[in-house]
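Worksheet: the structure to be examined is printed underneath.
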Amino acid sequence: MSRRPAAADWWRQAVVYQIYPRSFADSDGDGVGDLGGIISRVPYLASLGIDAVWLSPFYPSARVDGGYDVDDYRDVDPQLGTLADFDEMTARLHGCGIKVMIDIVPNHTSDRHAWFREAMAAPKGSPARDRYIFRDGQGPDGAQPPSDWPSSFGGPAWTRVPDGQWYLHMFAAEQPDLNWASREVRDDFLATLRFWSDRGADGFRVDVAHGLAKNLAEPLQPLPAEPDPGEQPVRHGAHPLWDRDEVHDIYAEWRQVFNQYDPPRIGVAEAWVHPSRRPRYASPDGLGQAFNFDLLEANWECGEFLRVITDNLADAQQHGASTTWVLSNHDVVRHATRYALPAQDHLSSTRNTRAWLLSNGTSPELDRGLGTRRARAATLLMLALPGSAYLYQGEELGLHEVADIPAGLLQDPAFLRSGGTEKGRDGCRVPLPWASDRPSFGFSTAAAHLPQPAWFGPLSVEPQEHDPASTLALYRQALRWRAKLQAAESLEWMPGTNGQVLHFRRPGGWQCVTNFGPRAVPLPRGTVVLASSPLPEGLLPADTTAWIIPHAPQ
Ligand code: GLC
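Count the sequence shown with my numbering and you get residues 377 to 930, in order.
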């Protein structure tokens with residue numbers, strides 16, 4: 377029954393589990409997760425039935441932006457382990473048939489990177505400064521920044537250095553942007569890709585993939601207006617900073633390196649671009665895959681899901697890449713919480729949810745039960761779709777956002793740089809609960825680096841292992857069935873699809889039906905192998921997904 381893709385295409389319909397290493401498992405008792413922690417949990421990862429892991433950055437870093445401020449791209453942060461630990465982790469994961477994808481952060485280094493230190497010590501106009509984006513300021517004494525560009529984390533995107541010049545940082549000041557017009561920068565990243573590929577990395581998640589090519593011709597261009605919350609990014613191509621066509625020349629070079637390996641390495645672009653611009657990132661001559669964040673941005677609403685699925689599958693078919701599905705990651709409010717909000721247009725978009733949480737904290741209006749129920753239904757729907765699915769650690773436990781971390785303990789530069797008006801992303805990065813009755817819920821022997829709430833207890837791995845109705849059990853069963861039923865990358869919409877119900881069939885007869893509510897509806901004919909909630913009286917109740925096959929399971 378199982379239809380395994382060719383070895384080189386392992387990623388096309390892979391389920392990839394994102395590990396945020398500092399919050400996954402701690403092996404040395406310092407309250408920060410590490411590679412040793414991941415090694416100790418390889419059996420758990422294998423038990424999930426995933427095809428690959430993607431590790432957020434584990435490189436040496438001051439952790440100003442959770443490790444996305446990299447000091448050295450070819451080493452492991454001593455707090456997280458050593459290169460030998462990376463090798464052991466990779467060998468153990470490979471031994472269980474799990475591929476390893478790592479995060480590469482090419483838009484910016486940290487301000488502690490040897491290159492930036494050199495640039496700071498070097499004079500204006502020097503080759504060392506040319507690896508970054510240094511400019512003179514405006515005004516008679518150059519005291520005004522070179523342009524009014526804002527950083528994505530709030531505040532200006534330029535910081536002044538003692539000799540009077542300014543450098544560009546689209547994120548925190550500790551994350552200076554690299555100059556990708558520099559051949560040296562390009563070659564160095566090619567060397568980094570080879571370094572990790574030689575060590576066994578199977579693929580790369582490319583951070584801010586749409587930001588590397590910039591138009592820095594003088595005078596610097598003003599930025600077009602940002603879209604309103606809930607709206608799609610603008611169809612760019614001519615924006616001075618984002619999604620410029622030249623960025624694909626860079627990925628064409630990366631592809632040459634990827635193809636020197638067997639199987640070829642794969643890249644997945646984190647590119648927050650208009651959907652029509654996504655295929656170029658996912659081209660076989662480029663990175664190969666690009667995140668599709670449309671489901672993540674959609675409200676829990678039948679019509680929105682239908683549109684997102686239809687559009688993305690059509691896109692994928694037209695361009696030859698497989699699509700990717702994401703409901704949660706380390707940058708957004710967990711989907712169980714997004715779906716727990718009071719019904720309101722566009723509230724589910726992660727930006728709006730965060731704003732809502734900021735103003736409401738843990739208000740009783742947050743209906744956790746409903747959020748969990750919908751999250752389970754959404755996950756089962758996502759896992760039945762053609763293409764690859766990216767899961768984020770903790771979603772398999774049904775974790776919600778931790779919305780009430782005291783301000784003094786928040787770490788995210790988005791919170792700090794916005795003067796507290798942006799809640800930040802710490803609420804989805806709280807260390808995982810492994811056991812209900814151990815210090816820091818079995819994450820570490822010390823207190824976790826972000827505080828874990830008491831309600832993590834019953835959501836820990838260990839009690840869920842013993843509960844066949846748990847979310848963990850649902851994920852495991854879903855992945856087992858998915859592997860068995862895996863089919864060609866297409867689906868057929870069934871006549872049951874209407875304004876309340878989504879119903880489709882994959883080649884081979886695997887059907888998925890989701891009721892977005894509010895009334896229970898009849899189930900299609902066949903054998904139900906899995907459902908996200910109980911099915912009273914043989915009906916599909918509100919906010920529930922079921923998987924159905926034409927015959928009894930073997
Ligand atoms: C990406 C990462 C995010 C990080 C930012 C800057 O969006 O996912 O966590 O803060 O890039 O590197």
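All residues carry an ideal CB built from backbone N, CA and C; glycine is no exception.
No experiment lies behind these values; they were computed from the predicted model shown.
Starting from residue i, follow the beta strand (DSSP E) in both directions and report where the run begins and ends.
i, result
"residue 888", "887–891"
"residue 881", "877–881"
"residue 925", "920–925"
"residue 593", "First-last for residue 593: undefined, no H or E at that position."
"residue 393", "391–395"
"residue 633", "Segment 623–634 is the alpha helix (DSSP H) holding residue 633; no beta strand (DSSP E) there."
"residue 873", "Residue 873 -> no beta strand (DSSP E), and no H or E assigned at all."
"residue 907", "903–907"
"residue 764", "764–768"
"residue 428", "428–431"
"residue 702", "700–702"
"residue 477", "475–480"
"residue 580", "579–582"
"residue 544", "542–544"
"residue 534", "534–536"
Any heavy atom of the ligand GLC closer than 6 Å to the beta-carbon of residue i?
i, result
"residue 343", "Outside the shown range of the chain (377 to 930) lies residue 343, about which nothing can therefore be said."
"residue 791", "no"
Tell me whether the beta-carbon of residue i lies closer than 7 Å to the beta-carbon of residue j.
i, j, result
"residue 931", "residue 578", "No answer is possible for residue 931: the residues shown for the chain start at 377 and end at 930."
"residue 807", "residue 830", "no"
"residue 700", "residue 764", "yes"
"residue 399", "residue 413", "no"
"residue 773", "residue 878", "no"
"residue 926", "residue 893", "no"
"residue 759", "residue 854", "yes"
"residue 716", "residue 682", "no"
"residue 753", "residue 703", "no"
"residue 441", "residue 844", "no"
"residue 820", "residue 407", "yes"
"residue 589", "residue 633", "no"
"residue 583", "residue 628", "no"
"residue 479", "residue 437", "no"
"residue 426", "residue 396", "no"
"residue 546", "residue 523", "no"
"residue 922", "residue 915", "no"
"residue 751", "residue 711", "yes"
"residue 434", "residue 456", "yes"
Looking at the secondary structure, which residues open and close the alpha helix (DSSP H) in which residue i lies?
i, result
"residue 792", "789–793"
"residue 665", "Per DSSP, residue 665 belongs to no alpha helix (DSSP H); it is in the beta strand (DSSP E), 664–666."
"residue 574", "559–574"
"residue 684", "678–695"
"residue 413", "411–416"
"residue 645", "Careful: residue 645 lies outside any alpha helix (DSSP H), inside the beta strand (DSSP E) at 642–645."
"residue 464", "459–471"
Closest Cβ-Cβ distance between residue i and chain D: below 7 Å?
i, result
"residue 808", "Reference to chain D is not applicable here, since this structure consists of a single protein chain."
For the ligand FMN, I want to know if residue i counts as a neighbour, meaning its beta carbon is within less than 6 Å of at least one of the ligand's heavy atoms.
i, result
"residue 406", "Among the ligands modelled here, namely the ligand GLC, the ligand FMN does not occur."
query: Can you pull every residue whose C-beta falls closer than 5 Å to some heavy atom of the ligand GLC, listed in chain order?
result: 441, 444, 547, 583, 584, 707
- prompt: Counting Cβ pairs, one atom from each stretch, are 3 or more of them under 8 Å apart for the stretch 418–438 and the stretch 459–473?
  reply: yes
message: Under 8 Å, with one C-beta from each stretch per pair, do the stretch 541–557 and the stretch 505–519 reach the 3-pair mark?
response: yes
- request: Pair every Cβ in the stretch 831–841 with every Cβ in the stretch 806–820, then say whether three or more of these pairs are closer than 8 Å.
  value: yes
Touching by the beta-carbon criterion (3+ pairs, under 8 Å), the stretch 513–521 and the stretch 534–551: yes
task: Flag this pair as touching only if the stretch 631–643 and the stretch 567–574 have three or more C-beta atom pairs under 8 Å; answer yes or no.
output: yes
task: Kindly confirm or deny that the stretch 790–803 and the stretch 869–878 touch, where touching means at least three C-beta pairs closer than 8 Å.
output: no
- prompt: Okay, do the stretch 498–505 and the stretch 517–526 touch, 3+ Cβ pairs below 8 Å being the bar?
  reply: no
message: When you compare the stretch 478–486 with the stretch 648–659, are there three or more beta-carbon pairs, one atom per stretch, that lie closer than 8 Å?
response: no
field: Stretch pair the stretch 614–633 + the stretch 666–678: three plus CB contacts closer than 8 Å
entry: no
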